[in-house]
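Q: My structure is below; once you've seen it, I'll send some questions.
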Amino acid sequence: QDTFPDDMQVSLYRITQEALHNIAKHAGASRVTIHLWRTPAGSDPLKRVTLKIIDNGCGFDPAGVPPDHLGLGIMRERAEAIGATLDIISWPDQGTQIEVNWKVTVR
């Protein structure tokens with residue numbers, strides 16, 4: 001059975017928590033979908049975990065968010081701390097998708 005590092009699990013939990021907080025506070029969304037995928041146990045030595053959080057809220061222009069905006073900055077820092085990438089796809093009036101991708105080769 002494959003296990004993933006505790007710090008990775010905690011970081012994904014905290015990123016999800018912060019995203020849900022931001023959605024509740026800013027998005028006015030009526031629906032949020034959370035997807036979590038992982039490479040099956042015993043498969044390819046390249047292990048992947050992907051977390052997607054998608055809402056149907058008001059959306060925003062990610063380029064217009066100041067770098068010191070705490071919520072998005074904290075999520076990005078948590079992703080980087082575990083060697084993951086965090087991408088935000090959003091447009092005004094079209095909702096937001098946050099995607100975290102983590103991968104590592106296990107030998």
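Sequential numbering of the sequence shown, starting at 1, is according to this note's numbering.
No residue lacks a Cβ here, since even glycine has one placed at the ideal position from N, Cα and C.
(1) Could you give the uninterrupted runs of the beta strand (DSSP E) lying entirely in the segment 18 to 74, keeping only those of 3 residues or more?
(2) I believe V100 touches A79 by the beta-carbon criterion, under 8 Å. Please report the beta-carbon distance rounded to the nearest angstrom.
(3) Does the segment 62 to 73 come close enough to the segment 27 to 35 to have 3 or more Cβ pairs within less than 8 Å?
(4) Check whether the Cβ atoms of E18 and I54 lie closer than 8 Å to each other.
(5) Taking the alpha carbon of E77 as the point to measure from, which residue in L12, P5 and D6 has its own alpha carbon closest?
(6) With distances taken between CB atoms, is the gap from L51 to I15 smaller than 8 Å?
(7) Judging by CA-CA distance, which residue of L72, Q94, T85 and D93 is the nearest neighbour of N22?
(8) Where does Q9 fall in DSSP's three states?
A: Looking at the atomic coordinates:
(1) 32 to 38 and 46 to 55
(2) 5 Å
(3) no
(4) no
(5) L12
(6) yes
(7) L72
(8) helix
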